[in-house]
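Heads up: the structure comes next, in structure tokens.
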Amino acid sequence: MIRRLALLLALPWAALHAQVRWSQHATVMQAIGATEVTIVYNRPRARGRKLFGELVPWGKVWCPGADEATTIAITKDALVAGQRLAAGKYSIWAVPGPAEWTLIFSKAADVFHIPYPGPVQDALRITVKPQAGPFMEALAFYFPAADAERALLNLHWGETVVQVTLAVP
93 MIRRLALLLA
103 LPWAALHAQV
113 RWSQHATVMQ
123 AIGATEVTIV
133 YNRPRARGRK
143 LFGELVPWGK
153 VWCPGADEAT
163 TIAITKDALV
173 AGQRLAAGKY
183 SIWAVPGPAE
193 WTLIFSKAAD
203 VFHIPYPGPV
213 QDALRITVKP
223 QAGPFMEALA
233 FYFPAADAER
243 ALLNLHWGET
253 VVQVTLAVP
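Residue numbers for the sequence shown follow our numbering, beginning at 93 and rising by one.
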């Protein structure tokens with residue numbers, strides 16, 4: 093009897109955890125000298141939708157990812173687009189615009205992708221200009237260039253690329 097009860101309780105738990113997510117999990121790590129930068133996120137897909145300005149509205153805070161908020165962990169203090177970001181783990185948020193984006197690094201790291209934790213949790217805000225790039229079906233974070241002093245970090249989805257320079261002092 094106890095075995096049957098244990099089996100009946102375990103089945104829904106196993107089924108819940110066996111579900112495949114629509115947005116696949118990804119991790120990217122880059123060394124910049126002795127500093128490690130790790131980004132953990134889930135990759136939503138375009139699936140034929142118009143992304144920026146429609147699915148992701150202009151001027152609204154958005155978490156680039158799905159499910160849990162995208163996080164960036166930096167093992168030592170770094171400069172992000174020339175501004176200091178202390179070593180630690182942060183969630184990444186963005187306010188997209190047609191000609192300019194604001195990227196937000198929030199101290200509220202382990203949160204869901206909605207709602208935005210609010211400006212009181214912001215560790216850093218930077219402004220960047222989006223660029224056009226080749227079509228990318230699934231959201232991607234990647235480092236197209238890196239050396240011992242700096243790296244370029246790209247956020248790329250659809251035909252939009254947002255690039256940020258990370259440097260170690």
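From the three backbone atoms N, C-alpha and C, an ideal C-beta is built for every residue, glycine too.
In this text, all values refer to a predicted model and were calculated from it rather than measured experimentally.
What residue from the options has the CA that sits closest to residue i's CA?
i	options	result
A232	P136, Y182 and D159	P136
K199	Y208, W193, E192 and A191	Y208
V129	D239, V253 and P190	D239
V112	Q122, D159 and L143	D159
W150	A230, W193 and V220	W193
R217	A165, P190, Y182 and Q122	Y182
W185	A179, A191 and A215	A215
G210	A173, K152, R141 and K142	K152
C155	N134, A243 and R242	N134
For residue i, count the other beta carbons within 10 Å of its own beta carbon; 16 or more makes it buried, fewer makes it exposed. Which is it?
i	result
W114	exposed
V260	buried
G250	buried
G145	exposed
P226	exposed
T219	exposed
A126	exposed
H117	exposed
Please look up how many angstroms separate the CB atoms of residue i and residue j, rounded, as I've assumed it's under 8 angstroms.
i	j	result
A201	T163	5 angstroms
F197	L171	Actually they are not in contact, since the Cβ atoms of F197 and L171 sit about 12 angstroms apart, beyond 8 angstroms.
V120	Y234	6 angstroms
V148	P188	6 angstroms
E229	A165	Actually they do not touch by this definition, with Cβ atoms about 26 angstroms apart.
Between which two residues does the beta strand (DSSP E) holding residue i run?
i	result
D239	That residue, D239, is in no beta strand (DSSP E); it is neither H nor E in DSSP.
A123	Q116 to I124
R135	T127 to R135
To test your reading of the DSSP string, which unbroken alpha helix (DSSP H) runs of 4 or more residues are found completely within the segment 151-226? With a minimum length of 4 residues, no continuous alpha helix (DSSP H) run stays inside the segment 151-226.
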